[in-house]
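Chemist: These protein sequences, in sequence, are chains A and B. Start counting the first sequence at 373; every next residue gets the next number (this note's numbering). Start counting the second sequence at 2; every next residue gets the next number (this note's numbering). Ideal Cβ placement from N, Cα and C applies to all residues, glycine included.
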Amino acid sequence: EPEVTQTPSHQVTQMGQEVILRCVPISNHLYFYWYRQILGQKVEFLVSFYNNEISEKSEIFDDQFSVERPDGSNFTLKIRSTKLEDSAMYFCASSEGPAYGYTFGSGTRLTVV
Amino acid sequence: QKEVEQNSGPLSVPEGAIASLNCTYSDRGSQSFFWYRQYSGKSPELIMSIYSNGDKEDGRFTAQLNKASQYVSLLIRDSQPSDSATYLCAVNTYNAGNMLTFGGGTRLMVKP
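Encoded structure:
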């Protein structure tokens, strides 16, 4: 069964550093997303991406964050100048379209120290 | 502000019983509804989708939707200990932004 692949599975970074989280969506999916889940809290929407541009973003997705699809397969989330409160599980997801459920990757656990 | 509400639980049921999980949503324009299962430390896994009023059955799972009451439910028949997980309700109002809004989840515990 097709899957969404995320790397790395764990990332520890010092406060103020930049991190890049990587995702390979399912190949025939057109819509890509980043969500995060702080330990014990809700899965929160960050950003959606379609046709090589951001289609929606949440209030969380401020200038500290950016997304990119550098080639035909990868989808990245960059977090600049990380803060302690950025520590969370970050999930990439993809879907065939807005009416379809998302397939989530296994996540990257980001710890900012 | 789109809200999706779930009772956090835990909901405890004996093995073999029916587990009933409920979800309400605030946006009357919502069009797609999903149930995800999330094991501790893992990513959400899609188990059911429903788009129109009524019931939809898939194996031991039945999703129920009532748009007038803005209510979605998931029934799990013959509950197994392996069903113990957090169940997330997610709603998509794709004419008002293409993203899923998740509830906080209900933790289900199935006791042998």
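Tell me the DSSP secondary structure of A/Ser420 in three-state form.
Modeler: Against the first sequence, residue 420 of chain A aligns to sequence position 48. Note: A/Ser420 maps to strand in three-state DSSP.
Chemist: Quick check on the DSSP output: what are the complete alpha helix (DSSP H) runs of length 4 or more inside the region 373 to 423 of chain A, in order along the chain?
Modeler: With a minimum length of 4 residues, there is no unbroken run of alpha helix (DSSP H) contained wholly in the region 373 to 423 of chain A.
Chemist: Is the CB of A/Ala460 under 8 Å away from at least one CB in chain B?
Modeler: Taking the first sequence and counting its residues from 1, one reaches residue 460 of chain A at position 88. No, its Cβ sits nowhere closer than 8 Å to a Cβ of chain B.
Chemist: Measuring CB to CB, does B/Ser31 end up less than 8 Å from B/Tyr52?
Modeler: By 1-based counting over the second sequence, the position of residue 31 of chain B is 30. By 1-based counting over the second sequence, the position of residue 52 of chain B is 51. The answer is no: Cβ separation not under 8 Å.
Chemist: Considering only the alpha carbon of each residue, which of A/Tyr472, A/Ser438, A/His401, A/Leu402 lies closest to A/Val391?
Modeler: Working through the first sequence from its first residue, we reach residue 391 of chain A at position 19. The shortest Cα separation from A/Val391 among A/Tyr472, A/Ser438, A/His401, A/Leu402 belongs to A/Ser438.
Chemist: Against chain A, does B/Asn93 count as a neighbour if the rule is that its beta carbon must be under 8 Å from one of theirs?
Modeler: Counting from 1 along the second sequence, the entry for residue 93 of chain B is found at position 92. Yes, B/Asn93 lies at the interface with chain A (some Cβ there is under 8 Å from its Cβ).
Chemist: Between the Cα of A/Gly473 and the Cα atoms of B/Tyr37, B/Ala86, B/Ser44, which residue gives the shortest distance?
Modeler: Taking the first residue of the first sequence as 1, we reach residue 473 of chain A at position 101. That would be B/Tyr37, whose Cα lies nearest to the Cα of A/Gly473.
Chemist: Can you name the residues that DSSP bridges to B/Gln65?
Modeler: Against the second sequence, residue 65 of chain B aligns to sequence position 64. In the DSSP assignment, the residues bridged to B/Gln65 are B/Asp56, B/Ser74.
Chemist: I want to verify the contact list: residues of chain E whose CB lies under 7 Å from the CB of B/Ser33, in sequence order.
Modeler: Here the protein chains are A and B, and chain E is not one of them.
Chemist: Check whether the Cβ atoms of A/Glu457 and A/Ile432 sit closer than 8 Å, and answer yes or no.
Modeler: Reading the first sequence from its first residue, position 85 is the one you call residue 457 of chain A. Reading the first sequence from its first residue, position 60 is the one you call residue 432 of chain A. No, they are not a contact pair.
Chemist: Which value, in whole angstroms, describes the spacing of the CA atoms of A/Ser427 and B/Asp28?
Modeler: If you number the first sequence from 1, residue 427 of chain A lands on position 55. If you number the second sequence from 1, residue 28 of chain B lands on position 27. In a straight line, the C-alpha of A/Ser427 is about 20 Å away from that of B/Asp28.
Chemist: For A/Glu373, return the contacting residues in chain B, with the cut-off set at a CB-CB distance below 8 Å.
Modeler: Residue numbering aside, residue 373 of chain A sits at position 1 when the first sequence is read from its first letter. Here the premise fails: no neighbours, minimum Cβ distance about 11 Å.
Chemist: With a threshold of 7 Å on Cβ separation, who are the neighbours of A/Gly365 within its own chain once the five nearest residues in sequence on each side are excluded?
Modeler: The shown model of chain A, from 373 to 485, leaves out residue 365 of chain A, and the question about it has no answer.
Chemist: Which of helix, strand or coil does DSSP assign to B/Ser83?
Modeler: For the purposes of this step, residue 83 of chain B is taken as the residue at position 82 of the second sequence. Of the three classes helix, strand and coil, the one that applies to B/Ser83 here is helix, per DSSP.
Chemist: Where do the N-terminal and C-terminal ends of the beta strand (DSSP E) with A/Lys429 fall, by residue?
Modeler: Residue numbering aside, residue 429 of chain A sits at position 57 when the first sequence is read from its first letter. If you look at A/Lys429, you'll find it in the beta strand (DSSP E) that goes 425 to 429.
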